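In the working numbering, the protein residues as written are 10 to 176. Positions of the beta carbon are idealized from the N, C-alpha and C atoms, including for glycine. Keep in mind the model is a prediction, meaning the values are calculated, not measured.
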Amino acid sequence: MFAFFDQVPTSTSLLLQCGYRSKACTNHRATKLDGTLHKLCEFHRRKANLNQQRLHKRQREQRLHKRQREQRLHKRQREQRAARQMCEPVENRSIKKAHPSLEPVVDPIFPFKHEFGTSGYNEYCPLVGAGGPSLAKIWAPDMDFLEQLLDDMQSMPPLDDTNSFIV
10 MFAFFDQVPT STSLLLQCGY RSKACTNHRA TKLDGTLHKL CEFHRRKANL NQQRLHKRQR
70 EQRLHKRQRE QRLHKRQREQ RAARQMCEPV ENRSIKKAHP SLEPVVDPIF PFKHEFGTSG
130 YNEYCPLVGA GGPSLAKIWA PDMDFLEQLL DDMQSMPPLD DTNSFIV
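Below, the structure is given as structure tokens:
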């Protein structure tokens, strides 16, 4: 059966052989840093490590793609939800979003009261002397206010050139 006595497998030589499962490997097992033996020879260890690294890389990429897909989905859902809220009628919106306080937060800039109604509809007049595109008509009280502003600006003395900025 065996031509030489040295080729006969013994229990000791089987313990030192590579434990690769797919086929018989007669290489000696690799040695760890602490002196104990690995299960595989150096060739099969490197091959197994490369396979494991490829598997981990593929799993990382799959997790990354899944996370990106979920982020795109959540972003799309948020945009659709915002679009639906813009289109839904006011009475269907939740009460939490309503602002019950109608008092102004700051004092008004103009001391006079603004009224928006149709009672003085016949008092508005067009803007006189406006060239270019047609402008909206201005109410008579607003026109009076603009005239006061113009009069105030015309009564101011002109600026002197001593304060001008020289480049």
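(request) Give every residue of the same chain whose Cβ lies closer than 8 Å to the Cβ of threonine 40, excluding the five residues on either side of it in the sequence, and list them in chain order. (result) Locating residue 40 in the sequence shown gives position 31, where the first residue counts as 1. Once the five neighbours on either side are set aside, the close Cβ partners of threonine 40 are Leu46, His47.
(request) Count the other C-beta atoms from every protein chain shown that fall within 10 angstroms of the C-beta of histidine 65, then say buried if there are 16 or more, exposed otherwise. (result) Here residue 65 refers to the residue found at position 56 when the sequence shown is read from its first residue. Only exposed fits histidine 65, as fewer than 16 other CB atoms lie within 10 angstroms of its CB.
(message) Between Arg69, His53, Gln61, which has its C-alpha nearest alanine 33's C-alpha?
(response) Against the sequence shown, residue 33 aligns to sequence position 24. Alanine 33 has its Cα closest to that of His53, out of Arg69, His53, Gln61.
(request) Would you identify the three-state DSSP class for histidine 37, choosing helix, strand or coil? (result) Along the sequence shown, read from residue 1 onward, the residue named residue 37 stands at position 28. In the three-state reduction of the DSSP assignment, histidine 37 falls in the strand class, which pools E and B.
(request) Out of Arg78, Cys27, Gly44, state which residue places its alpha-carbon closest to the alpha-carbon of methionine 38. (result) Taking the first residue of the sequence shown as position 1, residue 38 is located at position 29. The residue asked about is misnamed: residue 38 is arginine in this sequence, not methionine. Checked all of Arg78, Cys27, Gly44; the closest Cα to arginine 38 is Cys27.
(message) Pull the bridge partners of leucine 46 from the DSSP assignment, please.
(response) For the purposes of this step, residue 46 is taken as the residue at position 37 of the sequence shown. Per DSSP, Thr40.
(request) Look at the Cβ atom of tyrosine 29, then the Cβ atom of leucine 49, and state whether they are nearer than 8 Å. (result) For the purposes of this step, residue 29 is taken as residue 20 along the sequence shown, with counting starting at 1. For the purposes of this step, residue 49 is taken as residue 40 along the sequence shown, with counting starting at 1. Their beta carbons are under 8 Å apart, which means tyrosine 29 touches leucine 49 by this criterion.
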